[in-house]
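Data block below; observations after.
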Amino acid sequence: MPASPHGPADLALHPARTALVVVDIQEKLVPAMQDGAEICIANTARLIEGLAALHVRVLVSEQYPKGLGRTVPVLAQRLAACRPDAAVVEKTEFSAVANPEIRAVLAGWLGDGVRSVLVCGMEAHICVYQTVRGLADMGFVVHVVTDACASRTAGNHAVAVGLWQACGAVVTSTEAALFDLLGRAGGDAFKLISRLIR
């Protein structure tokens with residue numbers, strides 16, 4: 282595994298300085314995913330609900346929804362219930378960062394003090410990878426939630442992990458990210474997140 286370019290203090294996640302980007306988990310993409318689509322969706326739902334309890338901001342991209350459908354219903358419903366203020370942006374660019382509307386949101390996050398971005402979605406080796414690369418180039422510390430990402434094949438998912446690391450991204454999991462953001466036991470958010478990951 283390549284050495285991280287970030288020090289331990291850079292890796293710590295803090296709710297006020299963290300955001301989530303959900304990349305292209307869409308109705309017509311999901312059936313093509315042979316590598317963990319159900320797990321990807323379930324863990325993304327956990328992230329959305331858990332991060333809402335911590336007031337972490339969220340952005341969702343949709344790749345050419347006219348052809349690929351909208352965000353899958355279970356996630357759309359979770360967003361409507363937990364994060365109705367989340368930006369949902371259509372794009373044709375593979376990298377969400379290359380989309381002007383999304384890039385403007387990201388620039389606003391930087392201005393508000395966001396330094397860490399969690400990324401999940403599909404496909405891991407195409408749109409997720411290119412988004413990770415763009416976020417790193419903007420100066421964010423990127424944490425890719427590998428168990429909330431999917432590709433059509435396990436081989437491509439493995440390739441994606443290497444590409445993320447080459448960008449300097451932290452490869453993490455749903456549970457690791459949520460508990461890092463919590464930081465301590467106790468309180469309503471802890472109870473909710475503990476229930477979500479059981």
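Heads up: the sequence shown runs through residues 282 to 479, numbered per the numbering used here. No residue lacks a Cβ here, since even glycine has one placed at the ideal position from N, Cα and C.
6 Å Cβ shell around residue i - same chain, five flanking residues per side excluded
i: LEU444; result: TYR410
i: TRP390; result: ALA300
i: VAL369; result: VAL341
i: ALA379; result: none
i: LEU473; result: ALA334
i: ASN324; result: ASP428, ALA429 and THR455
Residue environment, residue i, which counts as buried when at least 16 other CB atoms sit within 10 Å
i: GLY402; result: buried
i: ARG476; result: exposed
i: GLY331; result: buried
i: ASP366; result: exposed
i: ALA417; result: buried
i: ALA361; result: exposed
Contacting residues, own chain, Cβ-Cβ under 7 Å from residue i (five flanking each side not counted)
i: MET282; result: Bear in mind that a pLDDT of 47 at MET282, under 50, signals an unreliable position, so the number given afterwards is only what the model happens to contain. Counting only Cβ-Cβ distances below 7 Å, and skipping sequence neighbours, we find GLN446.
i: ARG384; result: VAL378
i: VAL353; result: ILE306, GLN307, GLU308, VAL311 and ILE322
Residue i versus residue j: straight-line alpha-carbon distance, rounded
i: ALA458; j: PRO312; result: 27 Å
i: ARG396; j: GLN315; result: 33 Å
i: LYS347; j: VAL426; result: 27 Å
i: ARG433; j: ASP291; result: 32 Å
i: GLU371; j: VAL413; result: 18 Å
i: ALA293; j: THR373; result: 33 Å
i: ALA377; j: ALA466; result: 35 Å
i: TYR345; j: ILE478; result: 32 Å
i: ARG298; j: GLY394; result: 6 Å
i: PRO289; j: PRO296; result: 17 Å
i: ALA405; j: GLY468; result: 34 Å
i: PHE460; j: VAL302; result: 18 Å
i: HIS438; j: ILE407; result: 10 Å
Close beta carbons around residue i, own chain, < 8 Å, minus the five adjacent residues each side
i: ARG351; result: GLN307, GLU308, GLU343 and ALA357
i: HIS287; result: VAL422, GLY449 and VAL451
i: CYS321; result: ILE306, MET314, CYS401, GLY402, MET403, ASP428, ALA429, CYS430 and ALA431
Proximity of residue i and residue j at Cβ, strictly below 8 Å
i: MET334; j: ALA431; result: Checking the sequence shown, residue 334 turns out to be Ala, not Met. Not closer than 8 Å, so no.
i: LEU328; j: ALA441; result: no
i: VAL339; j: LEU462; result: no
i: ARG364; j: ALA326; result: no
Could you tell me which whole beta strand (DSSP E) segments of length 3 or greater appear in the region 341-402? 368-372
Length-filtered (3 minimum) beta strand (DSSP E) runs lying within the region 288-314: 299-304
Which runs of the beta strand (DSSP E) fall wholly inside the region 394-463 and span at least 3 residues, in chain order? 397-403, 422-431 and 451-453
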